[in-house]
Structures are given as C-alpha cells and as structure tokens.
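**Student:** So in the numbering used here the end of the sequence shown lands on 519, straight run, no missing numbers.
All C-beta atoms, glycine included, are put in the ideal place defined by N, C-alpha and C.
Because the structure is a prediction, the values reported are computed rather than measured.
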Amino acid sequence: MAKKKNEIVVHSEIQLDESLIYEKVVNIIETRKTNAGAYANREVTLMYWEVGHYINVNVLGDGRAEYGKKILPALSAKLSWSHIIELLPLKTKEAQLYYAQDVAERNLGVRELRRQISRKAFERGEIVNTGLSVDSSK
C-alpha cells in the first residue's frame with residue numbers, strides 16, 4: 382500500500398516521552414507568537430511612518446506644522462525617541478507639553494516619565510490649579 386505524502390506514521394513500538402512532546406509544542410507556539418508580535422509591531426511602525434509621510438508631503442508641503450516649530454526647538458535636544466513614544470498616546474496636547482517640559486527641566490529618564498504619567502502628575506496639577514482658582518475667586 383502506498384503512503385500518502387503528509388500521512389503521519391505512528392509506530393507502536395516507539396514510545397515518545399510526553400514531556401519532550403509538550404516542550405516541543407510549547408516552543409513552536411511561543412516562537413510563532415513572538416514572530417507574530419514582531420510582525421505586527423513592524424507593520425504598525427510602517428503604518429505610522431506612511432501616515433506621517435503622507436501628511437508631511439501632501440498637507441504640510443514638506444514643511445513643519447506651526448505647533449512643531451514652537452515645541453520642538455526647545456525640547457528636541459532633551460527628549461529621546463523613547464520619551465516621544467511615551468508622550469504620543471496622551472489625550473491632550475497640553476498633557477504632552479506638560480510632560481515634555483517636565484522631562485526637559487528635570488532631565489527625567491523614560492522610566493521616570495512613565496511613572497509621572499502613570500501617577501497622573503499633569504491631571505493632579507490641573508485639579509490643584511482648578512481648586513486654587515475657585516478659592517481665589519471667593
């Protein structure tokens with residue numbers, strides 16, 4: 382009888398160690414998950430680059446946006462790309478500027494910036510400032 386190309390042959394006299402089978406299967410799964418994550422990250426990075434390039438060429442005419450001219454010259458020397466990546470997801474430009482200035486003034490590393498963002502230093506400052514302005518109007 383001819384064997385099919387992808388047919389799995391199991392020999393009853395060969396006993397495979399279950400732990401080796403488990404380890405190999407786990408290794409295959411973890412490797413593929415890691416590869417999938419790296420691919421997804423690469424595609425997201427390319428997507429952001431393409432969007433930025435499109436806006437730069439078609440909207441800004443290879444120039445800089447006005448808000449960038451005000452913020453970047455002062456802060457670009459103090460902020461690394463890692464700092465900027467942490468600032469991009471923030472909801473408001475005011476929050477981004479607050480944390481960027483905090484990094485520049487206090488020479489914060491990325492870890493400390495993350496800590497400041499996670500403890501909501503900007504939002505806490507806004508609450509305090511709002512409270513002061515309400516008290517001072519009495």
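Roughly how many angstroms separate the alpha carbons of A476 and D398, rounded to a whole number?
**Tutor:** 57 angstroms
**Student:** Checking 8 angstroms against the spacing of the C-beta atoms, do A481 and L468 come in under that value?
**Tutor:** yes
**Student:** Using the C-alpha atoms, what's the distance from S461 back to R487?
**Tutor:** 14 angstroms
**Student:** At the level of alpha carbons, what is the spacing between S400 and K414?
**Tutor:** 21 angstroms
**Student:** At what residues does the alpha helix (DSSP H) containing G433 begin and finish?
**Tutor:** Note, G433: alpha helix (DSSP H), 399 to 439.
**Student:** Which class does G506 belong to by DSSP, given the choice of helix, strand or coil?
**Tutor:** helix
**Student:** Under DSSP, the alpha helix (DSSP H) around D443 begins and ends at which residues?
**Tutor:** For D443, no alpha helix (DSSP H) run applies, since DSSP gives it neither H nor E.
**Student:** According to the neighbour-count rule (16 or more other Cβ atoms, all chains shown, within 10 Å of its Cβ), is H464 buried or exposed?
**Tutor:** Burial call: buried.
**Student:** I'd like to know whether the C-beta atoms of L471 and V484 end up nearer to each other than 8 angstroms.
**Tutor:** Taking 8 angstroms as the Cβ cut-off, L471 and V484 do not qualify as a contacting pair.
**Student:** For G359, which residues in the same chain have their Cβ closer than 6 angstroms to its Cβ, ignoring the five residues on either side in sequence?
**Tutor:** Residue 359 is absent from the model: the chain starts at 382 and stops at 519.
**Student:** For I402 and L427, I'd like the C-alpha separation in whole angstroms.
**Tutor:** 38 angstroms
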